[in-house]
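Participant: Before anything else, here's the structure in question.
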Amino acid sequence: MSIALSDLPLPPVSVICDAAREAGEIALRYFGKSPKTWIKPGNSPVTEADLAIDTMLHTELRKAFPNFGWLSEEIEDDGSRLSGAPTFIVDPIDGTRGFMAGGDDWAVSIALIHEGDPVQGVLFNPATGDLLVAEAGKGVQLETAEGESLALSPTGKDGLPDALLAFPGPSKASHPFRKHPKIASLALRIAHVAEGKLDGCVASPNAKHWDIAAADVIVREAGLKLLHADGATPRYDGTSITHPALVCGTDAMCVALQEMIARRGR
127 MSIALSDLPL
137 PPVSVICDAA
147 REAGEIALRY
157 FGKSPKTWIK
167 PGNSPVTEAD
177 LAIDTMLHTE
187 LRKAFPNFGW
197 LSEEIEDDGS
207 RLSGAPTFIV
217 DPIDGTRGFM
227 AGGDDWAVSI
237 ALIHEGDPVQ
247 GVLFNPATGD
257 LLVAEAGKGV
267 QLETAEGESL
277 ALSPTGKDGL
287 PDALLAFPGP
297 SKASHPFRKH
307 PKIASLALRI
317 AHVAEGKLDG
327 CVASPNAKHW
337 DIAAADVIVR
347 EAGLKLLHAD
357 GATPRYDGTS
367 ITHPALVCGT
377 DAMCVALQEM
387 IARRGR
């Protein structure tokens, strides 16, 4: 029998918020200072800031919750995420290229997963001081650098004409929508739909759990959906951590984006 979410010994979401803010402090020590950088297989960069944050979060969160599973981008997968226990999924810096470039389009991403679903999610943007926090069944809010707590207001747009989208690939005159300039962090691209900064989002295949898990619960609690291009809801409890193409928006926007992807054979 499935355990009710309310019966789980989950940490207060404030614990994850505090961890994300501490991670942000570490990131800012390196920000704009040309941190040491390495290129990983697949040609993606990792900096000493990514490694320092991942180590800190792993140490502190696993110490506080030793029976929880763990998956993060820069630490080897130890299989604990497959134990059935609640699991932290972490991207220490989502949008490392934006971080390296000195932009504000990167974030610390922390999610807590239960039975394959994201139940808590925090995205902290240290460059702006904004923190998005969501908990399944309890809603989502934006905590600003000025200390305000604000509700999110998605646009609710249901179709492609004149929609503002995060979309991979070049803009074309034949597109019925407007393409937003590139945002380094996929998590922020998705979350911006929940915030009303974008009408929808399309992500190329091969996103990993840590790229999307926190943003997933944020959009769910905003009344929107993040789906695979075939309409399936992302799950976070299988052996694979890789996702096909993704769409995000209202129900109708997701259908429109799925149909567009199908036509283009993405």
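To convert, note that position 146 of the sequence shown is 272 in the working numbering; the numbers rise steadily by one, no gaps. Positions of the beta carbon are idealized from the N, C-alpha and C atoms, including for glycine.
What number of angstroms, rounded off, separates the C-alpha of residue 207 from the C-alpha of residue 246?
Facilitator: Whole-angstrom Cα-Cα distance: 16 angstroms.
Participant: Do the region 259 to 269 and the region 362 to 373 touch if we need at least three Cβ pairs shorter than 8 angstroms?
Facilitator: No: fewer than three Cβ pairs fall under 8 angstroms.
Participant: Measure the CB-CB distance between residue 313 and residue 371 and report whether it falls below 8 angstroms.
Facilitator: No.
Participant: In three-state terms, what does DSSP make of residue 478?
Facilitator: Shown here, the chain extends from 127 to 392; a query on residue 478 therefore has no answer.
Participant: Which residues does DSSP list as the beta-bridge partners of residue 251?
Facilitator: According to DSSP, residue 251 bridges with 256.
Participant: How close, in whole Å, do the beta carbons of residue 336 and residue 209 come, if the pair is a contact with beta carbons under 8 angstroms?
Facilitator: With 8 angstroms as the limit, residue 336 and residue 209 do not qualify as a contact, their Cβ atoms being about 18 angstroms apart.
Participant: Assuming residue 140 is part of the alpha helix (DSSP H), what are its boundary residues?
Facilitator: First-last of the alpha helix (DSSP H) with residue 140: 139 to 156.
Participant: Could you check the C-alpha separation between residue 307 and residue 344 for me, to the nearest Å?
Facilitator: About 22 angstroms.
Participant: Using the Cβ count rule (16 or more neighbours within 10 Å means buried), how would you classify residue 138?
Facilitator: The residue is exposed, with fewer than 16 neighbouring Cβ atoms inside 10 Å.
Participant: Please list, in chain order, all residues of the same chain as residue 201 whose beta carbon is under 7 angstroms from its beta carbon, the five residues on each side excluded.
Facilitator: Around residue 201: 180 and 184.
Participant: In three-state terms, what does DSSP make of residue 359?
Facilitator: Here residue 359 sits in coil by DSSP.
Participant: From what residue to what residue does the alpha helix (DSSP H) around residue 224 run?
Facilitator: Per DSSP, residue 224 belongs to the alpha helix (DSSP H) from 222 to 226.
Participant: Apart from the five residues just before and just after residue 361, which ones in its own chain have a Cβ nearer than 7 angstroms to its Cβ?
Facilitator: These residues qualify, in order along the chain: 242.
Participant: Any idea what DSSP makes of residue 127, helix, strand or coil?
Facilitator: In this prediction, residue 127 scores a pLDDT of 32, lower than 50, which makes its location untrustworthy; the coordinate-derived value is nonetheless stated afterwards. Residue 127: coil per DSSP, three-state reduction.
Participant: Between residue 173 and residue 222, how many whole angstroms is the CB-CB distance? I'm expecting something under 8 angstroms.
Facilitator: About 6 angstroms; that satisfies the 8 angstroms criterion.
Participant: Compute the beta-carbon to beta-carbon distance between residue 249 and residue 341, rounded to the nearest angstrom, for a pair I have assumed lies under 8 angstroms.
Facilitator: With a Cβ gap of about 6 angstroms, residue 249 and residue 341 count as contacting.
Participant: What would DSSP say about residue 377, mapped onto helix, strand or coil?
Facilitator: In this structure, residue 377 counts as helix in the three-state DSSP scheme.
Participant: Alpha carbon to alpha carbon, how far is residue 289 from residue 382?
Facilitator: The alpha-carbon atoms of residue 289 and residue 382 are separated by roughly 11 angstroms.
Participant: Please report how far the alpha carbon of residue 182 lies from the alpha carbon of residue 216, in whole angstroms.
Facilitator: So the alpha carbons of these two residues sit roughly 11 angstroms apart.
Participant: Going by DSSP, which residues form a beta bridge with residue 266?
Facilitator: BP columns for residue 266 point to 260.
Participant: Across which residues does DSSP place residue 246 in a beta bridge pair?
Facilitator: According to DSSP, which records beta bridges pairwise, residue 246 is partnered with 238 and 261.
Participant: If I measure Cβ to Cβ from residue 141 and keep anything under 6 angstroms in the same chain, skipping five residues before and after, which residues do I get?
Facilitator: Within the same chain, residue 141 has no close Cβ partners at all.
Participant: In terms of DSSP beta bridges, what is residue 171 paired with?
Facilitator: BP columns for residue 171 point to 165.
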